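Chains as they are written, first to last, in the numbering used here: chain A, 1 to 544; chain B, 545 to 698. Structure, as structure tokens:
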């Protein structure tokens with residue numbers, strides 16, 4: 001395969017796609033599968049054949065639309081009619097009414113337009129639109145044209161300059177400038193160089209990377225190819241959680257297909273560029289997502305972080321220069337190459353360009369996966385997109401950034417979402433988890449839950465994290481048994497700050513965030529637990 | 545089978561995690577014999593292999609029960625009170641979290657997030673996800689896989 005062959009393939013596949021009057025996209029990702037998506041897909045297939053419309057209507061298995069609470073979800077093109085909670089019987093009805101007679105079945109439609117209104121789908125551009133098991137679907141949507149542009153029309157430096165100009169920052173949580181990282185690795189001496197695409201999404205309550213891999217695996221692969229090409233890397237690993245079986249299968253299949261079209265392997269598209277990509281499975285360690293811990297894990301060791309410097313860009317896997325990039329970051333690369341860095345930098349805010357995927361969960365009317373421009377406020381996310389708190393309960397807090405994020409109250413909801421604002425308020429961008437908490441939850445209990453989690457997941461290497469968090473846990477236990485003292489609050493705060501400052505890696509440095517933010521914004525609840533031995537949410541002091 | 549897989553990886557020490565994954569897939573869990581065999585084949589100290597195995601939550605060192613119920617204790621499930629369902633199951637079926645019942649029929653495990661947060665709280669009963677779970681729904685599902693109406697509590 002040469003670049004021109006891929007371009008021809010794209011034209012053919014796009015024509016084929018356009019030859020159908022209708023296209024039924026059935027979400028078959030991890031959110032919809034447990035609720036019968038596979039049966040629904042089969043029912044659509046059969047109904048289309050039975051009613052003799054298979055020449056007009058394509059039935060496709062796709063990834064996620066984001067509306068994970070109303071699965072199985074189905075979208076009919078053109079017009080993007082989204083059907084919710086579809087059963088096999090509904091499938092027959094939809095084919096009969098919508099496809100055959102041209103009348104959408106109103107009673108089955110998802111009526112909540114607000115969920116999509118403020119979203120901007122760039123990373124998830126193909127999610128729910130293409131069959132992730134079919135590379136031709138990706139190519140038809142312009143897939144791999146960014147790689148071809150890099151290989152045929154741009155120098156390596158030009159690509160890095162565009163990525164730098166875009167202002168794209170790493171989506172794994174730390175927010176480091178991607179273009180800068182690339183130029184470090186490109187300049188680093190040492191051979192061979194390696195790349196790791198980080199898909200070890202260990203944050204509980206976060207499923208954005210998984211959804212991306214299940215919906216559009218080639219976006220990750222294409223981003224990785226471009227990154228490797230411009231930095232001189234010939235071996236890459238995709239490190240993925242073993243808890244994501246469907247994402248693993250999807251990526252394996254995608255890699256096979258990419259190899260068969262000579263997009264991955266030796267002499268990519270008959271150019272001198274080589275890139276081998278292998279999968280590496282994680283095994284359920286939260287800390288393995290940390291960039292030095294992931295190195296140890298890929299080398300087959302315990303995933304324990306080590307001090308930096310040296311940074312992985314100069315000394316990573318087997319002490320060679322290594323580029324580590326979150327998969328969401330990589331998926332941004334093809335559109336940046338195609339449209340230019342200046343175009344990308346206009347999306348989002350000045351310091352924080354582009355979009356970000358968030359997993360919106362907890363006590364919210366429309367949970368699911370969303371993608372929004374940076375700089376949108378938390379209020380817009382929780383109340384406009386999320387539709388607010390269900391069952392007439394009262395909004396209490398929003399946890400941003402996973403188990404080591406911060407719990408922010410109502411007064412902080414007008415905060416724009418970007419790395420700096422969130423950090424200032426005591427939270428973190430993390431890997432993009434937003435959990436809404438209502439007045440049924442106790443903030444002391446919630447802070448203890450996250451402390452317990454971080455203790456379980458602490459690798460035990462450095463003292464502040466290992467010993468400090470255990471001390472914090474003991475104080476929580478005391479408070480929740482009704483034996484708290486008023487000075488416990490200042491001890492918690494002091495210990496929390498020490499752990500933040502003195503820990504070796506990101507886990508310890510952020511682990512006290514839930515404790516510190518609940519102390520900062522929900523101090524009354526601590527005082528109530530300590531002085532009145534009462535929990536207004538009714539979670540603590542239960543008999544038994 | 546395991547030896548063939550190790551050979552495919554040319555006895556490389558850095559393939560340890562891959563080999564442990566494969567072994568667990570083959571045998572269901574990793575007992576002392578398997579771990580010793582892996583350490584011999586890769587010329588790694590047994591303590592190293594044991595250390596790596598126990599570091600990662602995914603690897604199981606004990607044989608699981610013939611039926612397995614796993615609860616997701618991710619943030620979304622926690623906020624949606626999954627704890628209450630777990631306690632109900634513990635009492636109803638006389639099994640503790642992280643353990644297997646003495647008769648070997650039922651294991652109760654906790655996992656940190658299955659990523660189906662929009663459907664929280666979630667339980668997995670013998671590989672079938674029960675979304676938007678309630679205590680009754682989970683208890684009934686477990687009863688049906690156990691094929692018994694009443695469970696004796698001692």
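Glycine is no exception: its CB is placed at the ideal position from the N, C-alpha and C atoms. If you're wondering where the values come from, they're calculated on a predicted model, not measured in any experiment.
**Request:** Starting from the C-beta of residue 139(A), find all residues in its chain whose C-beta is less than 7 Å away, skip the five residues before and the five after it, and write them out in chain order.
**Result:** 6, 9, 10 and 13
**Item:** Whole-Å CB distance - residue 323(A) paired with residue 195(A), under 8 Å assumed
**Value:** 4 Å
**Message:** Determine, for residue 363(A), whether the minimum Cβ-Cβ distance to residues of chain B falls below 9 Å.
**Reply:** It does; some Cβ of chain B falls within 9 Å.
**Prompt:** Looking at chain A, which residues of the stretch 594-627 of chain B have a Cβ within less than 7 Å of any of its Cβ atoms?
**Reply:** 595, 596, 599, 600, 601, 602, 603, 618, 619, 620, 622 and 623
**Prompt:** Under a three-way DSSP split, which group does residue 370(A) fall into?
**Reply:** strand
**Asked** In three-state DSSP terms, what is residue 356(A)?
**Response** The DSSP-derived three-state label of residue 356(A) is strand.
**Message:** As a quick exercise: from 625(B), 547(B), 660(B) and 662(B), pick the residue whose alpha carbon is nearest that of residue 578(B).
**Reply:** 547(B)
**Asked** When Cβ atoms are compared, which residues of the stretch 625-644 of chain B fall closer than 7 Å to chain A?
**Response** none
**Asked** Nearest chain A C-beta to residue 574(B) closer than 9 Å, yes or no?
**Response** no
**Asked** Is residue 279(A) near the ligand PLP, with its Cβ less than 8 Å from a heavy atom?
**Response** Annotation note on the ligand PLP: not contained in the displayed structure, which lists no ligands.
**Request:** Taking residue 565(B) as part of the alpha helix (DSSP H), name the residues at either end of that continuous run.
**Result:** 560-571
**Prompt:** residue 94(A) lies in the alpha helix (DSSP H); which residues open and close that run?
**Reply:** 88-94
**Asked** Of all the residues that make up the stretch 167-185 of chain A, which are near chain B by a beta-carbon distance shorter than 8 Å?
**Response** none
**Prompt:** What's the gap between the Cα of residue 128(A) and the Cα of residue 539(A)?
**Reply:** Separation of residue 128(A) and residue 539(A) (C-alpha to C-alpha, rounded to the nearest whole angstrom) is 40 Å.
**Request:** For residue 356(A), count neighbouring Cβ atoms within 10 angstroms of its own Cβ and tell me buried if that reaches 16, exposed if not.
**Result:** Counting Cβ neighbours within 10 Å, residue 356(A) comes out buried, since at least 16 surround it.
**Message:** If you reduce the DSSP assignment to three classes, tell me which class residue 4(A) lands in.
**Reply:** helix
**Where residue 559(B) falls, given that 16 or more other Cβ within 10 Å makes a residue buried** = buried
**Request:** Identify every residue that forms a DSSP beta bridge with residue 275(A).
**Result:** 265(A)
**Request:** Using three-state DSSP, classify residue 693(B) as helix, strand or coil.
**Result:** Note that residue 693(B) has pLDDT 48, beneath the 50 cutoff, so the model's placement of it is unreliable and the number below is only indicative. Residue 693(B) falls in the coil class under three-state DSSP.
**Asked** If the cut is a Cβ gap below 7 Å, which residues of chain A does residue 557(B) touch?
**Response** 300
**Asked** So which residues on chain A does residue 663(B) lean against when the C-beta distance must stay under 8 Å?
**Response** 31, 34, 35, 68, 69 and 71
**Asked** Looking at the C-beta of residue 650(B), does it have a partner C-beta in chain A at a distance below 9 Å?
**Response** no
**Request:** Give every residue of the same chain whose Cβ lies closer than 7 Å to the Cβ of residue 456(A), excluding the five residues on either side of it in the sequence, and list them in chain order.
**Result:** none
**Prompt:** What in chain A is Cβ-close to residue 660(B), meaning under 8 Å?
**Reply:** 30, 31, 34, 68 and 207
**Message:** Using 9 Å as the threshold, is the C-beta distance between residue 470(A) and residue 327(A) below it?
**Reply:** no
**Members of the stretch 675-692 of chain B near chain A, C-beta cut-off 8 Å** = 675
**Asked** Does DSSP classify residue 177(A) as helix, strand or coil?
**Response** strand
**Prompt:** Per DSSP, residue 613(B) is paired with what?
**Reply:** 652(B) and 669(B)
**Item:** Own chain residues within Cβ distance below 7 Å of residue 689(B), not counting five before or after
**Value:** 611, 669 and 670
**Asked** Since residue 441(A) meets chain B, which of its residues come closer than 7 Å, beta carbon to beta carbon?
**Response** Within chain B, the residues near residue 441(A) are 623.
**Exposure label - residue 615(B); buried when at least 16 CB within 10 Å** = buried
**Item:** With 16 other Cβ atoms within 10 Å as the buried cut-off, status of residue 80(A)
**Value:** Counting C-beta atoms within 10 angstroms of its own C-beta, residue 80(A) has fewer than 16 neighbours from the protein chains shown and is therefore classed as exposed.
**Prompt:** Which partner residues of residue 58(A) appear in the DSSP bridge assignment?
**Reply:** Looking at the DSSP assignment, residue 58(A) forms a beta bridge with 23(A).
**Request:** Check distances from the C-beta atoms of the stretch 233-251 of chain A to those of chain B and list, in chain order, the residues that come in under 8 Å.
**Result:** 242, 243 and 244
**Message:** Here's a check: name, in chain order, each residue in its chain whose Cβ is nearer than 8 Å to the Cβ of residue 388(A), leaving out the five neighbours to either side.
**Reply:** Once the five neighbours on either side are set aside, the close Cβ partners of residue 388(A) are 364, 365, 382 and 395.
**Message:** Between which residues of its own chain and residue 661(B) is the CB-CB distance below 8 Å, once the five residues before and five after are set aside?
**Reply:** 618, 619, 620 and 621
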